[in-house]
Amino acid sequence: MNYIVAGSCGLIGYSGKVSISKIPEYDWFYGAIGLGVLFIIVFNLMAVTTQKSGLSVVSVASKMSVIAPIIFGILYYNEGTSVLKILGILLALSAVYFSSIKSKDGISIKAKNLVFPVLVFLGSGIIDTSIKFLENEYVAQDDVPLFSSVLFFMAFITGLFVLGFQALKGTLKITFKNIIAGVALGVPNYFSIYFLIQALRGNGLESSTVFTINNVAIVMFSTILGIVIFKEKLIPKNWLGVALAIISIILVASTI
34 MNYIVAGSCG
44 LIGYSGKVSI
54 SKIPEYDWFY
64 GAIGLGVLFI
74 IVFNLMAVTT
84 QKSGLSVVSV
94 ASKMSVIAPI
104 IFGILYYNEG
114 TSVLKILGIL
124 LALSAVYFSS
134 IKSKDGISIK
144 AKNLVFPVLV
154 FLGSGIIDTS
164 IKFLENEYVA
174 QDDVPLFSSV
184 LFFMAFITGL
194 FVLGFQALKG
204 TLKITFKNII
214 AGVALGVPNY
224 FSIYFLIQAL
234 RGNGLESSTV
244 FTINNVAIVM
254 FSTILGIVIF
264 KEKLIPKNWL
274 GVALAIISII
284 LVASTI
């Protein structure tokens with residue numbers, strides 16, 4: 034339900050006329066299809082990683098992947114690499130780690146399970162990098178809602194195949210709470226992609242700057258949300274992560 038709601042938001046926000054037969058003619062179409070499939074693959078890899086190694090591991094793996102679009106922006110688009118910016122990026126990565134760990138002993142992963150967080154890292158990095166490349170090279174300003182919509186609808190279709198496979202295996206479990214949660218997450222899920230693309234198109238904003246600030250801001254917001262709503266108690270390393278996040282945002286923002 035998450036992805037079908039997100040895809041519907043894109044159709045509602047699209048100002049042009051939607052012709053299903055003409056959608057495959059867009060230059061970004063196959064890229065959006067690939068991203069939609071990858072969304073589901075990474076989502077399921079994250080679920081497996083959580084089961085085998087814990088939430089902290091998948092959190093670090095997915096958020097550390099921000100280094101991929103950052104490096105891509107610097108190398109492919111020749112974006113700036115000032116000392117302050119590089120320092121800010123390094124502090125941002127450190128902030129992700131320290132904010133995500135939930136025990137004083139840090140993170141431990143069994144060797145046999147290492148492949149799963151690595152795949153989450155690679156998949157998440159490819160998604161962010163592809164979004165940057167497609168929006169810059171192929172997606173027109175007016176087509177951002179339609180591009181996002183196709184992406185999410187493809188994720189929904191791919192998800193149906195996964196659910197069908199689970200049903201055949203007898204492992205499918207769908208509850209009313211799952212459906213409600215999916216509907217509730219659909220709208221913010223859509224706008225997270227929409228506003229990310231708009232930020233990447235901001236005048237004077239380099240993608241390496243946008244991805245760094247966006248990633249660290251999400252970490253900070255999640256931490257604050259955990260404290261306020263779920264009454265989570267942070268260990269000293271988490272507070273260090275919050276402090277590093279603030280410093281990294283200041284450093285990277287100062288280079289704009």
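Residue numbers (the working numbering): 34 to 289. Quick reminder that beta carbons are idealized off the backbone N, C-alpha and C, glycines included.
Under the three-state DSSP convention, the category residue i falls into
i, result
"W272", "helix"
"I213", "helix"
"F263", "coil"
"T208", "coil"
"Y110", "coil"
"N248", "helix"
"E58", "helix"
"K96", "helix"
"K137", "coil"
"S287", "coil"
"N236", "coil"
"V51", "coil"
"S142", "It is worth fixing the name first, because residue 142 is Ile in this sequence and not Ser. Coil at I142, not helix or strand."
"A278", "helix"
"A101", "helix"
C-beta atoms of residue i and residue j nearer than 8 Å
i, j, result
"G235", "S163", "no"
"A278", "V243", "no"
"L152", "L68", "no"
"T256", "G113", "no"
"I246", "A276", "no"
"E239", "G106", "yes"
"P178", "Y47", "yes"
"I134", "S86", "no"
"F185", "Y227", "no"
"G259", "E265", "yes"
"A101", "G158", "yes"
"V314", "G203", "With the chain represented from 34 up to 289, any question about residue 314 goes unanswered, as that position is not in the structure."
"A125", "S281", "yes"
"F62", "V216", "no"
"V252", "A80", "no"
"A188", "F72", "yes"
"T82", "V91", "yes"
"I160", "P150", "no"
"I268", "K137", "yes"
"E168", "I230", "yes"
"L193", "L205", "no"
"V70", "T208", "no"
"I103", "I122", "yes"
"I212", "M34", "yes"
The alpha helix (DSSP H) enclosing residue i, as first and last residue numbers
i, result
"L71", "62-86"
"S132", "116-133"
"K165", "148-170"
"N35", "35-46"
"Q199", "177-202"
Cβ-heavy atom distance, residue i to the ligand FMN, below 7 Å
i, result
"L284", "The ligand FMN is not part of the structure shown, which contains no ligands of any sort."
Problem - Any 3 or more C-beta pairs closer than 8 Å across the stretch 163-179 and the stretch 224-234 - result: Contact between the stretch 163-179 and the stretch 224-234 is established, with three or more Cβ pairs separated by less than 8 Å.
Exercise for the section: Count the C-beta pairs between the stretch 120-133 and the stretch 96-106 that are closer than 8 Å, then say yes if the count reaches three, no if not. Expected result: Touching, yes.
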